[in-house]
Amino acid sequence: MPSKGVRVFTYIAVAGCSIELSVPKQTVVRNELNTFWNGDLEVDARNIDSLFNKKGRFSFKVLSNGRLVTEQWIDVNAITGNASGGTMDTIASTPSVFSPNNDNIIVTYGFYEAGQGHDVLPNQHQCYIAVAPNYANWQGKLAPPGSAQEGKPFNRLVLPSAHDVGMNSMQSSDSVLKKVGGAIATSLVGSHEAVAQITDSVSGPAISLVAPNIIFSLAITQKDSLDAMLQIGARYFEFRPAHCHKTILAAQALPDRLYFQHSAIPGMAYDQFLSDAVAFLLAHPAEIIVVQLRWDGVPAECARPSDQEQREYLDAALKQAQGQIVAGGLDDLRSSTIAQLRRNKKRLIMLVSVDSLSTYTDAGNATLNGDSIVAAFPKVLTAANERGKAFINIQCQATAANITEAVVYSVLDAGTTTSCIMATKAICDSKTLPWCRDNVLRTCDNNVLVVMMNDFIDGATADVAVQLSKQRLEQ
């Protein structure tokens, strides 16, 4: 009988929690702490009682001491392999869940629909689930004011990071497509081999129809609000602020202000990012955020802000703090203790294109299974490479958007529910995060800040970074 597989990846960092996974006539329960587990469940036609409707439900429940935190589900057709309906039928409909039971638990999860499968991307549906504490105050708890830990250098910490933080929704892009039309998508993404192949394959009107899929598959790397990312635990962000592409400005498709730019695809507004970051710091007085401005990959058609414009945006955001928060810089990051940063109110550290060590390479991160990423880690993370760097950026995410066949499939044969970025999330995390947990203390200089960057920032990434921070503070 036909069947369709669902590969599930779980991680639990809160005692008393469990994850119950179900398909017709099969239930699996996971409750091990701090364990990266993955296993296969099968939606099998023989286990579906109906003779004509061969859809079976895949669902998961998260429980805390027996109380339901969340339940999510989607129907899987055992014959066609397609998944639809339910609460996980689009990536945008799977934001992180904050426990309604006042027990400070966050469930981060995602679902990739494999459809009938493809020889490049996974043939099984993919689902990841992480259950972790609400880490809105994790720095304050690891290094409480007045503690010995607070007297340690800030660069002892390992900061979780949301890769391309500004690409967390289609809001800006949708406004552009609505005003200008889908044909602009090819101009916004730049010289991308996959897009060239797509435009060679379909007509002009068809390009307009698939334009949202092109942008989603190439650029959307997060699905939570900035405040949610911060509560998940993220404390380092790279932001590429620039004005919109000249074509967008000419059409007045968006207000002329600074936006996160992925190539020329506009994302989160920079003033909103800064304002939300400052608001979070005001609400969490022991936390410290690091932001680095960069412009790699931003085309010349997107004007970069001058130094004065950067200062104006930052000053406007800090105004709401009324002197309670001031901006720090590279020297503060390198030489200050956690206590000094708090005492001097420098809890928003702003960097501009500083010299850091990144594990990312175009070839190594263009993977569908994460093996080449892990293989590169020990080669890059050496004492010689780390010497003199402002910080170390361990990039855990794959760049499937650099694999032409994967992007073409995501755009033409599928849609925004089957992003090639989401396709690689769970399988790569199951390898990169355990490696970081087991090797960062050994391979990274204890006096250099470490960043752990990931797509779709999640509780497992945050928990590994927080536990590493605790260990480094104890050294």
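With our numbering applied, the sequence shown covers 260 to 734. All residues carry an ideal CB built from backbone N, CA and C; glycine is no exception. Computed from a prediction, not measured in an experiment: that's the story for all the values here.
Per DSSP, reduced to three states, the secondary structure at G410 is helical. Rounded to whole angstroms, the Cβ separation of C687 and A721 is 16 Å, and the two are not in contact under 8 Å.
Annotation note: the segment 618 to 653 contains no uninterrupted beta strand (DSSP E) run of length 3 or greater. S612 and W554 have their alpha carbons spaced roughly 8 Å apart. With respect to G275, N324 sits close: the two C-beta atoms are nearer than 7 Å.
DSSP places M429 in no alpha helix (DSSP H); its state is neither H nor E. Here L292 carries a coil assignment [DSSP, helix/strand/coil]. Contact between the segment 624 to 634 and the segment 579 to 596 is absent: fewer than 3 CB-CB pairs across the two stretches fall below 8 Å.
The residues A304, A337, I338, in chain order, have a CB closer than 7 Å to that of P261 in the same chain once the five nearest residues on each side in sequence are set aside.
Between the segment 572 to 589 and the segment 531 to 550 there are three or more inter-stretch CB-CB distances shorter than 8 Å, so the stretches are counted as touching.
Rounded to the nearest angstrom, the gap between the Cα atoms of N652 and Y495 is 10 Å. Cβ atoms of F715 and K482 come within 8 Å of each other, at about 6 Å. Residue pairing by DSSP places C386 opposite V267, F370 in a beta bridge. Under the DSSP assignment, A509 falls in the alpha helix (DSSP H) whose first and last residues are 505 to 509. DSSP places C679 in the helix class (H, G or I) of the three-state scheme. Looking from the CA of V321, the closest CA among V390, L589, F636 belongs to V390. Between the segment 550 to 564 and the segment 488 to 505, the count of C-beta pairs closer than 8 Å reaches three or more; the two stretches touch. Membership of I491 in the alpha helix (DSSP H) is indicated by the continuous run 485 to 491. Restricted to the segment 264 to 348, the beta strand (DSSP E) segments that are unbroken, complete and at least 3 residues in length are 276 to 282, 285 to 289, 296 to 303, 314 to 323, 326 to 336, listed in chain order.
Here G315 is buried. Its C-beta has 16 or more other C-beta atoms within 10 Å. Distances from the alpha-carbon of L508 to those of A487, L436, L280 put L436 closest. Secondary structure note for G526: its beta strand (DSSP E) is the uninterrupted segment 524 to 528.
The segment 552 to 572 makes contact with the segment 523 to 531: 3 or more CB pairs, one atom from each, lie closer than 8 Å.
With distances taken between CA atoms, E571 lies nearest to L517 out of K729, L517, P693.
As the crow flies, the alpha-carbon of M681 is around 6 Å from that of Y371. Under the Cβ criterion (8 Å, minimum of three pairs), the segment 262 to 271 counts as touching the segment 290 to 302.
Closest option to S617, judged by alpha-carbon separation, among H521, V725, K411, N644: N644. About 6 Å separates the CB atoms of V273 and I364; that is less than 8 Å, so the two are in contact. Minimum Cα-Cα distance from D308 among the listed residues S318, E330, V282, L327 corresponds to V282.
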